[in-house]
Amino acid sequence: MISEDPAVERSASQFGVRPHTLFDDEYLNEDDPPADKEDEDPGWLDMVQQLQKENQTLLDSLRKCHDSLLQCRQDKAQLEEILQNQKKRTLDQELEEHLDRDNASDTSWRRSDIEHLVDQVELQQNQANKLRADLLFQKRYLTLANRSLEASEQEALSMLSEMGVAKVPLTQTPVQKWRACFWAILAVHRFRNSR
117 MISEDPAVER
127 SASQFGVRPH
137 TLFDDEYLNE
147 DDPPADKEDE
157 DPGWLDMVQQ
167 LQKENQTLLD
177 SLRKCHDSLL
187 QCRQDKAQLE
197 EILQNQKKRT
207 LDQELEEHLD
217 RDNASDTSWR
227 RSDIEHLVDQ
237 VELQQNQANK
247 LRADLLFQKR
257 YLTLANRSLE
267 ASEQEALSML
277 SEMGVAKVPL
287 TQTPVQKWRA
297 CFWAILAVHR
307 FRNSR
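The sequence shown begins at 117 in the working numbering and counts up one residue at a time.
Structure representation (C-alpha coordinates):
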(Lines of atoms letter the chains of each structure in order from A; the text may use other names.)
(Lines give C-alpha, C1' and ligand atoms only; values in the text may rest on other atoms or scores of the structure.)
Protein backbone atom coordinates (compact mmCIF):
# COMPACT_ATOMS: atom_id res chain seq x y z
CA MET A 117 0.00 0.00 0.00
CA ILE A 118 1.48 3.33 -1.06
CA SER A 119 0.61 6.10 1.36
CA GLU A 120 -0.63 9.48 0.24
CA ASP A 121 1.78 11.33 2.50
CA PRO A 122 4.77 12.59 0.44
CA ALA A 123 7.00 12.60 3.55
CA VAL A 124 7.17 8.80 3.57
CA GLU A 125 9.96 7.43 1.41
CA ARG A 126 9.29 4.49 -0.84
CA SER A 127 11.04 1.17 -0.31
CA ALA A 128 12.64 -0.67 -3.21
CA SER A 129 9.79 -3.18 -3.36
CA GLN A 130 7.29 -0.39 -4.10
CA PHE A 131 8.97 0.68 -7.34
CA GLY A 132 7.65 -0.68 -10.62
CA VAL A 133 11.21 -1.02 -11.87
CA ARG A 134 13.59 -1.87 -9.05
CA PRO A 135 16.46 0.66 -8.82
CA HIS A 136 19.99 -0.52 -9.57
CA THR A 137 22.21 -0.53 -6.46
CA LEU A 138 25.86 -1.10 -5.53
CA PHE A 139 24.86 -4.46 -4.04
CA ASP A 140 23.57 -5.48 -7.47
CA ASP A 141 26.89 -4.50 -9.06
CA GLU A 142 29.08 -6.32 -6.56
CA TYR A 143 27.20 -9.45 -5.60
CA LEU A 144 24.44 -10.09 -8.10
CA ASN A 145 26.42 -9.67 -11.30
CA GLU A 146 25.32 -12.31 -13.81
CA ASP A 147 28.78 -12.61 -15.40
CA ASP A 148 30.42 -14.09 -12.28
CA PRO A 149 29.60 -17.65 -11.26
CA PRO A 150 27.70 -17.83 -7.92
CA ALA A 151 30.12 -20.39 -6.51
CA ASP A 152 32.97 -17.85 -6.51
CA LYS A 153 30.90 -15.39 -4.47
CA GLU A 154 30.16 -17.98 -1.83
CA ASP A 155 33.82 -18.96 -1.67
CA GLU A 156 34.84 -15.33 -1.11
CA ASP A 157 32.78 -14.58 1.99
CA PRO A 158 29.68 -16.67 2.76
CA GLY A 159 29.00 -14.76 6.00
CA TRP A 160 28.55 -11.54 4.07
CA LEU A 161 25.54 -12.80 2.13
CA ASP A 162 23.93 -14.13 5.32
CA MET A 163 24.43 -10.78 6.98
CA VAL A 164 22.95 -8.96 3.97
CA GLN A 165 19.93 -11.24 3.99
CA GLN A 166 19.48 -10.70 7.74
CA LEU A 167 19.73 -6.93 7.27
CA GLN A 168 17.19 -7.08 4.44
CA LYS A 169 14.77 -8.97 6.70
CA GLU A 170 15.27 -6.43 9.49
CA ASN A 171 14.83 -3.62 7.00
CA GLN A 172 11.57 -5.14 5.80
CA THR A 173 10.25 -5.50 9.36
CA LEU A 174 11.23 -1.90 10.09
CA LEU A 175 9.49 -0.73 6.91
CA ASP A 176 6.38 -2.71 7.90
CA SER A 177 6.34 -1.19 11.38
CA LEU A 178 6.95 2.27 9.89
CA ARG A 179 4.05 1.73 7.48
CA LYS A 180 1.81 0.67 10.38
CA CYS A 181 2.86 3.71 12.43
CA HIS A 182 2.24 5.98 9.47
CA ASP A 183 -1.20 4.46 8.87
CA SER A 184 -2.07 4.90 12.54
CA LEU A 185 -0.82 8.50 12.39
CA LEU A 186 -3.04 9.20 9.38
CA GLN A 187 -5.97 7.59 11.21
CA CYS A 188 -5.28 9.74 14.28
CA ARG A 189 -5.19 12.87 12.11
CA GLN A 190 -8.52 11.93 10.56
CA ASP A 191 -9.98 11.24 14.01
CA LYS A 192 -8.71 14.62 15.21
CA ALA A 193 -10.31 16.40 12.26
CA GLN A 194 -13.60 14.60 12.91
CA LEU A 195 -13.50 15.47 16.61
CA GLU A 196 -12.76 19.13 15.83
CA GLU A 197 -15.71 19.18 13.43
CA ILE A 198 -17.97 17.56 16.05
CA LEU A 199 -16.81 20.11 18.63
CA GLN A 200 -17.49 23.00 16.26
CA ASN A 201 -20.96 21.64 15.49
CA GLN A 202 -21.63 21.20 19.20
CA LYS A 203 -20.61 24.80 19.87
CA LYS A 204 -22.92 25.96 17.10
CA ARG A 205 -25.80 23.85 18.50
CA THR A 206 -25.17 25.22 21.97
CA LEU A 207 -25.23 28.78 20.62
CA ASP A 208 -28.43 27.99 18.72
CA GLN A 209 -30.02 26.57 21.86
CA GLU A 210 -29.02 29.62 23.88
CA LEU A 211 -30.37 31.82 21.13
CA GLU A 212 -33.67 29.91 21.13
CA GLU A 213 -33.96 30.25 24.91
CA HIS A 214 -33.17 33.94 24.71
CA LEU A 215 -35.69 34.47 21.91
CA ASP A 216 -38.34 32.53 23.81
CA ARG A 217 -37.80 34.73 26.84
CA ASP A 218 -37.82 37.87 24.70
CA ASN A 219 -40.91 36.85 22.75
CA ALA A 220 -42.88 37.30 25.93
CA SER A 221 -41.63 40.88 26.15
CA ASP A 222 -42.21 41.46 22.38
CA THR A 223 -38.69 42.53 21.39
CA SER A 224 -37.87 44.19 18.09
CA TRP A 225 -34.98 41.76 17.42
CA ARG A 226 -35.69 39.04 14.93
CA ARG A 227 -34.05 35.64 14.80
CA SER A 228 -32.35 36.35 11.47
CA ASP A 229 -30.86 39.57 12.84
CA ILE A 230 -29.43 37.81 15.87
CA GLU A 231 -28.06 34.94 13.77
CA HIS A 232 -26.46 37.47 11.46
CA LEU A 233 -24.82 39.18 14.44
CA VAL A 234 -23.59 35.85 15.80
CA ASP A 235 -22.09 35.00 12.41
CA GLN A 236 -20.37 38.39 12.27
CA VAL A 237 -18.91 37.90 15.74
CA GLU A 238 -17.60 34.44 14.81
CA LEU A 239 -16.09 35.84 11.61
CA GLN A 240 -14.38 38.64 13.51
CA GLN A 241 -13.03 36.16 16.07
CA ASN A 242 -11.62 33.98 13.30
CA GLN A 243 -10.01 36.98 11.63
CA ALA A 244 -8.53 38.12 14.94
CA ASN A 245 -7.10 34.64 15.55
CA LYS A 246 -5.55 34.61 12.06
CA LEU A 247 -4.04 38.05 12.62
CA ARG A 248 -2.59 36.94 15.96
CA ALA A 249 -1.06 33.87 14.34
CA ASP A 250 0.41 36.02 11.54
CA LEU A 251 1.86 38.50 14.02
CA LEU A 252 3.34 35.69 16.08
CA PHE A 253 4.98 34.24 12.97
CA GLN A 254 6.32 37.67 11.97
CA LYS A 255 7.69 38.23 15.46
CA ARG A 256 9.49 34.88 15.44
CA TYR A 257 10.87 35.50 11.95
CA LEU A 258 12.11 38.99 12.82
CA THR A 259 13.65 37.71 16.04
CA LEU A 260 15.57 35.04 14.12
CA ALA A 261 16.62 37.56 11.47
CA ASN A 262 17.78 39.98 14.17
CA ARG A 263 19.79 37.25 15.89
CA SER A 264 21.48 36.26 12.64
CA LEU A 265 22.34 39.89 11.90
CA GLU A 266 23.76 40.33 15.40
CA ALA A 267 25.84 37.17 14.97
CA SER A 268 27.19 38.33 11.59
CA GLU A 269 27.93 41.76 13.04
CA GLN A 270 29.85 40.21 15.93
CA GLU A 271 31.75 38.02 13.49
CA ALA A 272 32.63 41.04 11.35
CA LEU A 273 33.77 43.01 14.41
CA SER A 274 35.90 40.13 15.62
CA MET A 275 37.49 39.83 12.14
CA LEU A 276 38.21 43.53 12.11
CA SER A 277 39.74 43.39 15.56
CA GLU A 278 41.93 40.44 14.49
CA MET A 279 43.09 42.46 11.51
CA GLY A 280 44.06 45.29 13.82
CA VAL A 281 41.28 47.70 12.96
CA ALA A 282 40.14 49.31 16.19
CA LYS A 283 36.65 50.58 16.80
CA VAL A 284 36.64 54.33 16.63
CA PRO A 285 34.72 55.87 19.53
CA LEU A 286 32.16 58.43 18.42
CA THR A 287 32.89 61.81 19.90
CA GLN A 288 30.37 64.50 19.12
CA THR A 289 30.73 68.15 19.78
CA PRO A 290 27.94 69.87 21.72
CA VAL A 291 26.68 71.45 18.47
CA GLN A 292 26.44 68.04 16.78
CA LYS A 293 24.55 66.65 19.79
CA TRP A 294 22.16 69.62 19.70
CA ARG A 295 21.53 69.10 15.94
CA ALA A 296 20.85 65.38 16.44
CA CYS A 297 18.39 66.16 19.25
CA PHE A 298 16.68 68.84 17.16
CA TRP A 299 16.21 66.51 14.15
CA ALA A 300 14.88 63.73 16.40
CA ILE A 301 12.30 66.08 17.95
CA LEU A 302 11.34 67.37 14.51
CA ALA A 303 10.86 63.80 13.21
CA VAL A 304 8.66 62.86 16.19
CA HIS A 305 6.59 66.02 15.71
CA ARG A 306 6.10 65.30 11.99
CA PHE A 307 5.19 61.68 12.74
CA ARG A 308 2.51 62.73 15.23
CA ASN A 309 1.03 65.28 12.82
CA SER A 310 0.95 62.80 9.93
CA ARG A 311 -1.67 60.65 11.67
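Glycine residues also receive a C-beta, built at the ideal position from the N, C-alpha and C atoms.
Here the structure is a predicted model, which is why all the values come from computation and not from measurement.
- Here DSSP, grouped into helix, strand and coil, assigns Lys283 to coil.
- Val234 is the residue among Val234, Gln194, Leu185 whose C-alpha sits nearest the C-alpha of Gln209.
- If you draw a straight line from the Cα of Glu266 to the Cα of His305, it is about 31 Å long.
- For a cut-off of 8 Å, the C-beta gap from Ile230 to Leu211 is around 6 Å, short enough to register as a contact.
- Here DSSP, grouped into helix, strand and coil, assigns Arg306 to helix.
- Here DSSP, grouped into helix, strand and coil, assigns Gln190 to helix.
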